[in-house]
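Position 138 of the sequence shown, counting from 1, maps to 138 under the UniProt record's numbering, and the rest follow consecutively.
No residue lacks a Cβ here, since even glycine has one placed at the ideal position from N, Cα and C.
Keep in mind that this is a model prediction, so the values were computed, not measured.
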Amino acid sequence: MLLHLGGCRGKMGILLIRRVGLFCRAAHLSPQSLEYRPIKKVMVANRGEIAIRVFRACTELGIRTVAVYSEQDTGQMHRQKADEAYLIGRGLSPVAAYLHIPDIIKVAKENNVDAIHPGYGFLSERADFAQACVDAGVRFIGPSPEVVCKMGDKVEARALAIKAGVPVVPGTDAPISSLQEAHEFAKTYGFPIIFKAAYGGGGRGMRVVRDYEVCVYSDP
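So, in structure tokens, the structure goes:
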């Protein structure tokens with residue numbers, strides 16, 4: 001997928017997006033309709049500053065807070081700022097622990113958590129995590145699993161924006177599949193261009209390409 005950013009940010013010209021990685025794991029999601037109930041206890045499935053900020057907001061609203069932490073994060077501040085804190089991912093690395101959905105859901109259910117806030121990074125863009133929360137009867141503080149799934153794919157997200165009448169930058173409507181396509185696009189719009197993974201997230205998979213020679217090396 002190729003986009004032209006001519007009028008967006010300075011002379012940054014073109015954004016080239018290429019679909020890579022995993023397909024959405026939540027292909028057939030149908031979230032259950034949860035009955036309305038007040039949220040009295042919120043877990044943040046994250047660590048550090050974002051967890052502390054959510055805890056502060058919850059405290060101001062009179063909502064009890066729950067932290068989760070890895071074995072390596074026993075002394076981290078976010079654990080101290082929550083009303084309750086529970087270990088997850090025993091024996092795993094810090095990152096793997098915060099990505100361990102079964103442990104997070106288990107802690108939430110065992111401790112009567114009403115809702116889970118994913119923070120940013122980690123599980124925040126995982127449709128399967130949003131669905132796991134719904135399946136467990138716990139509210140996911142964020143979009144529905146279907147929306148998370150669709151927005152995680154930058155190609156589909158752009159198509160949905162176009163369908164909804166949202167202005168987007170000019171470009172192709174599908175992923176590119178060859179180096180030749182990238183060359184043809186560059187001939188039409190000029191350099192620089194950016195290789196962008198459709199499932200990158202957080203800036204991952206982005207590379208600025210300023211000439212044809214670099215374009216060859218950037219082709220996966």
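query                                                                                                                                                     : result
Tell me the rounded alpha-carbon separation between ALA136 and VAL113.                                                                                    : 11 Å
Are there 16 or more other CB atoms within 10 angstroms of the CB of PRO38, so buried, or fewer, so exposed?                                              : exposed
Let me check one thing: in DSSP terms, what residues is THR65 bridge-paired to?                                                                           : VAL42
Around the C-beta of TYR69, are 16 or more other C-beta atoms found within 10 angstroms, so that it is buried, or is it exposed?                          : buried
What residue range does the beta strand (DSSP E) around ARG37 cover?                                                                                      : From DSSP, ARG37 is part of no beta strand (DSSP E); its letter is neither H nor E.
Alpha carbon to alpha carbon, how far is ILE50 from GLY119?                                                                                               : 6 Å
Looking at the unbroken alpha helix (DSSP H) that takes in ILE105, where does it start and where does it end?                                             : 101-110
Going along the chain, which residues of its own chain have a beta-carbon closer than 7 Å to the beta-carbon of ALA96, five neighbours each way excluded? : GLY89
Can you tell me whether ALA27 is helix, strand or coil according to DSSP?                                                                                 : Because the pLDDT of ALA27 is 40, which lies under 50, any placement of that residue in the model is unreliable, and the number read from its coordinates should be weighed accordingly. Looking at ALA27 - three-state DSSP - the assignment turns out to be coil, as it is neither helix nor strand.
How is ARG158 classed by DSSP in three states: helix, strand or coil?                                                                                     : helix
Do LYS154 and LYS196 count as a contact pair if the criterion is CB distance below 8 Å?                                                                   : yes
In whole angstroms, give me the CA-to-CA distance for LYS150 and LEU160.                                                                                  : 9 Å
Which residues mark the beginning and the end of the beta strand (DSSP E) in which GLU84 is found?                                                        : 84-87
In whole angstroms, what is the alpha-carbon distance linking PHE122 and ASN46?                                                                           : 7 Å
So what does DSSP say about VAL168, is it helix, strand or coil?                                                                                          : coil
Can you name, in chain order, every residue of its own chain whose Cβ lies under 6 Å from the Cβ of ASP83, other than the five neighbours on each side?   : ARG64 and THR65
Taking just the CA atoms, how far does THR188 sit from LEU99?                                                                                             : 42 Å
Once DSSP output is grouped into helix, strand and coil, what is the label at ALA198?                                                                     : coil
Tell me which residue opens and which closes the alpha helix (DSSP H) that ILE116 is part of.                                                             : Where ILE116 is concerned, there is no enclosing alpha helix (DSSP H), although the beta strand (DSSP E) it sits in stretches over 115-117.
Candidates VAL209, ILE105 and SER124: which alpha carbon is nearest residue 226's?                                                                        : This structure leaves residue 226 out entirely; the chain is present only between 1 and 220.
Am I right that PHE191 and ARG210 are in contact with their C-beta atoms under 8 Å? What's the rounded C-beta distance?                                   : 5 Å
What are the start and end residues of the beta strand (DSSP E) that includes ARG56?                                                                      : Run containing ARG56: none in the beta strand (DSSP E); it sits in the alpha helix (DSSP H), 48-60.
Applying the 10 Å Cβ sphere with the 16-neighbour rule, what's the burial state of TYR212?                                                                : exposed
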